[in-house]
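Colleague:
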Amino acid sequence: MNQTELKGMTAGELAVKVFHHEPLFILDVRNESDFMNWKIEGKQIQILNKPYFELLESVDEIIDQIPDETEVLVVCAKEGSSQFVAEQLVEQGKSKVSYLLGGMKAWSEHLEPVKIGDLSDGGSIYQFVRIGKGCLSYMIISEGEAVVVDTLRMTGEFERFAAEHQAVIKHTLDTHLHADHISGGRKLAEDAGAMYWLPPKDADEVVFDFNPLVDGADITVGRTRITIQPLYSPGHTIGSTSLIVDGKYLLSGDILFVASIGRPDLAGKAEDWVGDLRETLYERYKQLPDDLTVLPAHFGSIAELGQDGSVSAKLADLFRNNPGLNMTSETEFRSAVTEKLPPQPNAYQEIRQTNMGKITPDDEEQREMEIGPNRCAVHDK
Amino acid sequence: MSIRVDKTVDAKGLACPMPIVRTKKALDELEAGQVLELQATDKGSLADIQSWAKTTGHQYLGSTHEEDVLHHFIRKSNPNEVKEAKAYPHTISNDELLQKLANDTAPVIVDVREPAEYAFNRIPGAISIPFGELEQHIGQLNPEQEIYMVCRTGNRSDMAAQLLSSRGFNKVMNVIPGMSEWNGPTEKN
Numbered sequence: 001m002n003q004t005e006l007k008g009m010t011a012g013e014l015a016v017k018v019f020h021h022e023p024l025f026i027l028d029v030r031n032e033s034d035f036m037n038w039k040i041e042g043k044q045i046q047i048l049n050k051p052y053f054e055l056l057e058s059v060d061e062i063i064d065q066i067p068d069e070t071e072v073l074v075v076c077a078k079e080g081s082s083q084f085v086a087e088q089l090v091e092q093g094k095s096k097v098s099y100l101l102g103g104m105k106a107w108s109e110h111l112e113p114v115k116i117g118d119l120s121d122g123g124s125i126y127q128f129v130r131i132g133k134g135c136l137s138y139m140i141i142s143e144g145e146a147v148v149v150d151t152l153r154m155t156g157e158f159e160r161f162a163a164e165h166q167a168v169i170k171h172t173l174d175t176h177l178h179a180d181h182i183s184g185g186r187k188l189a190e191d192a193g194a195m196y197w198l199p200p201k202d203a204d205e206v207v208f209d210f211n212p213l214v215d216g217a218d219i220t221v222g223r224t225r226i227t228i229q230p231l232y233s234p235g236h237t238i239g240s241t242s243l244i245v246d247g248k249y250l251l252s253g254d255i256l257f258v259a260s261i262g263r264p265d266l267a268g269k270a271e272d273w274v275g276d277l278r279e280t281l282y283e284r285y286k287q288l289p290d291d292l293t294v295l296p297a298h299f300g301s302i303a304e305l306g307q308d309g310s311v312s313a314k315l316a317d318l319f320r321n322n323p324g325l326n327m328t329s330e331t332e333f334r335s336a337v338t339e340k341l342p343p344q345p346n347a348y349q350e351i352r353q354t355n356m357g358k359i360t361p362d363d364e365e366q367r368e369m370e371i372g373p374n375r376c377a378v379h380d381k
Numbered sequence: 001m002s003i004r005v006d007k008t009v010d011a012k013g014l015a016c017p018m019p020i021v022r023t024k025k026a027l028d029e030l031e032a033g034q035v036l037e038l039q040a041t042d043k044g045s046l047a048d049i050q051s052w053a054k055t056t057g058h059q060y061l062g063s064t065h066e067e068d069v070l071h072h073f074i075r076k077s078n079p080n081e082v083k084e085a086k087a088y089p090h091t092i093s094n095d096e097l098l099q100k101l102a103n104d105t106a107p108v109i110v111d112v113r114e115p116a117e118y119a120f121n122r123i124p125g126a127i128s129i130p131f132g133e134l135e136q137h138i139g140q141l142n143p144e145q146e147i148y149m150v151c152r153t154g155n156r157s158d159m160a161a162q163l164l165s166s167r168g169f170n171k172v173m174n175v176i177p178g179m180s181e182w183n184g185p186t187e188k189n
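Just so you know, the protein sequences line up as chains A and B, in that order. Just so you know, we're using UniProt numbering here: the first sequence kicks off at 1 and counts up by one. Just so you know, we're using UniProt numbering here: the second sequence kicks off at 1 and counts up by one.
Here is the structure:
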């Protein structure tokens with residue numbers, strides 16, 4: 001009998017493996033429909049789905065498919081079933097086996113900060129990659145002050161990061177009312193004594209106070225006044241607002257992604273907003289300096305991650321390569337963004353209600369609501 | 001809503017895989033055709049019990065939700081149920097019965113499946129008398145009336161029809177195949 005001790009792998013350890021393209025064999029023991037809906041992806045990841053309830057008696061059926069040389073990670077929704085199956089693999093003599101601590105829930109919540117670049121006064125901009133769900137947040141730090149953009153629900157991560165960098169969070173901004181994830185912007189602002197900003201056109205039904213994020217709003221960070229210039233850019237939502245940071249970075253929210261563009265249907269107004277979306281992408285964005293670095297609020301697939309795990313692209317390159325920016329006829333554009341759209345994100349209506357402050361689900365309910373991929377782009381699967 | 005079952009498994013507060021592990025163990029101790037209720041608080045159990053039933057061949061009947069507790073109902077599969085020869089000669093097809101319902105003749109339909117099967121999916125107006133209790137409830141039925149016996153695949157209702165026939169019921173029909181392929185109107189609790 002092999003006495004290898006079974007180890008758990010944290011979501012953070014897994015994220016590093018994905019970022020570094022390390023080879024990994026994943027046995028996902030969730031049921032088939034959950035697996036089809038959403039799974040861990042990576043360039044060097046091989047994945048096999050076999051529900052745990054088909055492995056209760058024995059793992060004989062799959063044991064030959066489990067490699068001996070490659071590291072094996074067993075994954076389930078929360079943790080229990082993956083541990084149960086991993087133990088059986090170890091009993092069968094497999095040695096390089098671990099299970100994902102906290103399961104897909106932990107994977108969905110893990111944030112990995114990556115430095116994007118420096119600012120003109122010596123400050124820096126960081127991207128927080130929520131790799132399991134495809135969400136991206138930003139922190140701009142300058143002279144001991146920080147601004148957080150499109151804050152995710154896990155506000156503690158942002159507080160910890162700011163503290164590590166001796167920065168005080170002064171502002172939190174949401175580029176639009178999100179439909180795929182619960183915003184942490186308001187909570188982080190409350191906890192940190194910061195100001196919370198939201199585009200007023202997305203806030204008709206919002207039940208709390210906020211600062212209106214509109215063209216010309218003066219948001220600065222640090223003594224040397226790094227400017228954050230809001231740019232009204234409707235289309236994904238009617239209030240969607242992009243941000244130009246330090247004249248170098250275009251935080252495009254859910255309007256423009258690296259491999260796709262935002263979908264206009266999540267607030268139920270696809271037809272109304274198609275024109276706005278096209279005007280933003282094909283006219284407003286066209287007038288911007290094309291050497292801006294585009295930093296979106298989402299990515300659709302792991303292929304969009306760069307060598308360091310971050311997601312970004314030059315605006316000029318996107319005008320050349322992004323299919324969403326290369327539809328010459330309005331008819332083609334209209335059909336691409338209103339027909340054959342991917343399924344909506346899980347619980348998107350409840351998520352919008354939560355972000356408006358109309359419902360207040362508890363932590364566990366919030367977690368359940370956010371399960372699955374973000375699906376904010378028109379080309380998502 | 002309380003549905004009578006043969007066994008109840010309490011897996012409240014347990015995370016997966018335990019709800020399914022306990023269900024599997026409990027089902028091993030039941031007779032084919034008996035019904036088990038699994039009580040669980042793990043929300044993942046809803047999708048898992050259905051997929052598990054599909055792979056094992058057990059019959060998933062349905063689930064109810066009361067406060068934070070999910071109640072799942074499973075009927076243990078019976079390998080003989082599908083192949084058994086029908087012995088009762090007077091049968092009626094699902095379509096013919098559907099026609100009678102459409103003609104509004106209010107036929108007497110007796111559903112001889114387990115109460116949990118009946119609870120989640122039945123022909124509107126059908127009376128529930130599980131096969132095992134037919135003998136003791138025979139007095140509820142009128143031997144002069146046309147009675148349509150229905151179950152899932154036509155086997156339990158075949159035996160039920162034979163039983164009634166032996167007690168002097170001359171207008172009994174067995175519905176073939178029964179609820180497994182019923183595409184007419186249904187109701188549930």
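Note that the Cβ used here is the ideal one computed from N, Cα and C, for glycine as well.
(1) I need the straight-line Cα distance from A:N2 to A:H21, nearest angstrom please.
(2) Indicate whether A:E79 and B:S51 have their beta-carbon atoms separated by less than 9 angstroms.
(3) Assign A:D362 to one of three DSSP states: helix, strand, or coil.
(4) Taking 9 angstroms as the threshold (C-beta atoms), are B:N183 and B:N94 in contact?
(5) With DSSP as the reference, identify every bridge partner of A:V114, one or two as the case may be.
(6) Can you pull the chain B residues whose beta carbon is under 7 angstroms from the beta carbon of A:D34, in chain order?
(7) Whole angstroms is fine: what's the gap from A:L48's alpha carbon to A:R30's?
(8) Is A:A203 closer than 9 angstroms to A:G239 when the C-beta atoms are compared?
(9) With DSSP collapsed to three states, give me the class of A:I182.
(10) Distance, Cα to Cα, A:T360 vs A:C135?
(11) With distance defined between alpha-carbon atoms, name the residue in A:E304, A:G275, A:P373, A:D308 nearest to A:E332.
(12) Output the residue ranges of the beta strand (DSSP E) runs that lie fully inside the segment 222-258 of chain A and measure 3 residues or longer, sorted by chain position.
(13) Would you mind giving the Cβ-Cβ distance between A:S252 and A:S260, rounded to the nearest angstrom? I have them listed as a contact below 8 angstroms.
(14) Bridge partners for A:K314 per DSSP, in chain order?
(15) For B:E66, which of helix, strand or coil comes out of DSSP?
(16) For the UniProt domain "Rhodanese" (103-188) of chain B, list the beta strand (DSSP E) runs that are entirely contained and at least 3 residues long, ordered along the chain.
(17) Using 8 angstroms for Cβ pairs, my map puts A:S142 next to A:G247. What's the rounded Cβ distance?
(18) To which residues of the same chain is A:G184 closer than 6 angstroms at the C-beta, ignoring the five residues directly before and after it?
(19) Using a Cβ-Cβ cut-off of 6 angstroms (strictly less than) and excluding sequence neighbours within five positions of A:M356, which residues of its own chain qualify?
(20) Which residues does DSSP list as the beta-bridge partners of B:R4?
(21) With 8 angstroms as the limit, tell me which residues of the segment 205-238 of chain A have their beta carbon closer than that to any beta carbon of chain B; keep them in chain order.
(22) With a cut-off of 8 angstroms on the beta carbons, I'd call A:V148 and A:I182 a contact; round off their distance for me.
(23) Whose CA, out of A:R278, A:Q287, A:Q307, A:R320, lies closest to the CA of residue 395 of chain A?
(24) Quick one: is B:T9 near chain A, going by C-beta distance under 9 angstroms?
(25) What's the C-alpha gap between residue 196 of chain B and B:C151?
(26) Report the partner residues of A:K7 according to the DSSP bridge assignment.
(27) If we define contact as Cβ-Cβ less than 9 angstroms, is A:E350 a contact residue for chain B?
(28) Is the number of C-beta pairs between the segment 28-45 of chain B and the segment 1-16 of chain B that are closer than 8 angstroms three or more?
(29) Taking C-alpha atoms, which residue in B:L98, B:F169, B:V69, B:H72 lies nearest to B:I138?
(30) For B:D48, does the three-state DSSP call read helix, strand or coil?
(31) Mind checking A:V72: buried by the 16 CB within 10 Å criterion, or exposed?
(32) With 9 angstroms set as the bound, which would you pick, yes or no: does the beta-carbon of A:L315 sit closer than that to a beta-carbon of chain B?
(33) Taking 9 angstroms as the threshold (beta carbon to beta carbon), is B:I74 in contact with chain A?
(34) Taking beta-carbon pairs under 8 angstroms, can you tell me which members of the segment 50-84 of chain A lie near chain B?
(35) In this structure, does DSSP put A:M195 in helix, strand or coil?
(36) For B:I44, collect the residues of the same chain with a Cβ closer than 7 angstroms to its Cβ; drop the 5 residues on either side in sequence, then sort them by chain order.
Modeller: This is what the structure gives:
(1) Its pLDDT being 45, under 50, A:N2 is placed unreliably in this model, and the value from its coordinates should be taken loosely. A:N2 and A:H21 have their alpha carbons spaced roughly 29 angstroms apart.
(2) No, they are not a contact pair.
(3) A:D362: coil per DSSP, three-state reduction.
(4) In contact: B:N94 and B:N183 (Cβ atoms closer than 9 angstroms).
(5) In DSSP, A:V114 forms a bridge with A:Q127.
(6) Result: A47.
(7) Using only the alpha carbons, I get a separation of about 11 angstroms.
(8) Between A:G239 and A:A203, the gap from beta carbon to beta carbon is short of 9 angstroms.
(9) Coil.
(10) Their Cα atoms are separated by approximately 22 angstroms.
(11) When each option's Cα is compared against that of A:E332, the closest is A:G275.
(12) Segments of the beta strand (DSSP E) lying fully in the segment 222-258 of chain A: 226-232, 241-245, 249-253.
(13) No, A:S252 and A:S260 are not in contact; Cβ-Cβ is about 12 angstroms, not under 8 angstroms.
(14) DSSP, once it has assigned bridges, lists A:T293 as partnering A:K314.
(15) The answer is strand: DSSP assigns B:E66 an E or B state.
(16) Runs found: 108-111, 147-150, 172-176.
(17) Not a contact, Cβ separation roughly 14 angstroms.
(18) Excluding its 5 nearest sequence neighbours in each direction, A:G184 has C-beta neighbours in its own chain below 6 angstroms: T151, L152, R153, T155, listed in chain order.
(19) Only E205, V206 meet the Cβ criterion.
(20) Its beta-bridge partners do not exist; DSSP assigns none.
(21) Result list empty, no residue passes.
(22) Their Cβ separation, rounded to whole angstroms, is 15 angstroms, which puts A:V148 and A:I182 out of contact at 8 angstroms.
(23) Nothing about residue 395 of chain A can be reported from this structure: the residues present for chain A run from 1 to 381 only.
(24) Note that residue 9 of chain B is Val in the sequence shown here, rather than Thr. False, the Cβ-Cβ gap to chain A never drops below 9 angstroms.
(25) Look at the range of chain B in this structure, 1 to 189, and you will see that residue 196 of chain B is not part of it.
(26) Answer by DSSP bridge pairing, in chain order: A:S98.
(27) Cβ-Cβ to chain B under 9 angstroms: no for A:E350.
(28) With the rule of 3 Cβ pairs closer than 8 angstroms, the segment 28-45 of chain B counts as touching the segment 1-16 of chain B.
(29) Closest option to B:I138, Cα to Cα, is B:F169.
(30) Three-state result, B:D48: helix.
(31) The residue in question, A:V72, is buried, as its Cβ has 16 or more Cβ neighbours within 10 Å.
(32) Not one chain B Cβ lies under 9 angstroms of A:L315.
(33) Closer than 9 angstroms: no.
(34) Answer set for the segment 50-84 of chain A: P51, Y52, F53, E54, L56, C76, A77, K78, E79, G80, S81, F84.
(35) Strand at A:M195.
(36) Residue identity check: residue 44 of chain B is Gly in the sequence provided, not Ile. Cβ neighbours of B:G44 beyond the five flanking positions: C16.
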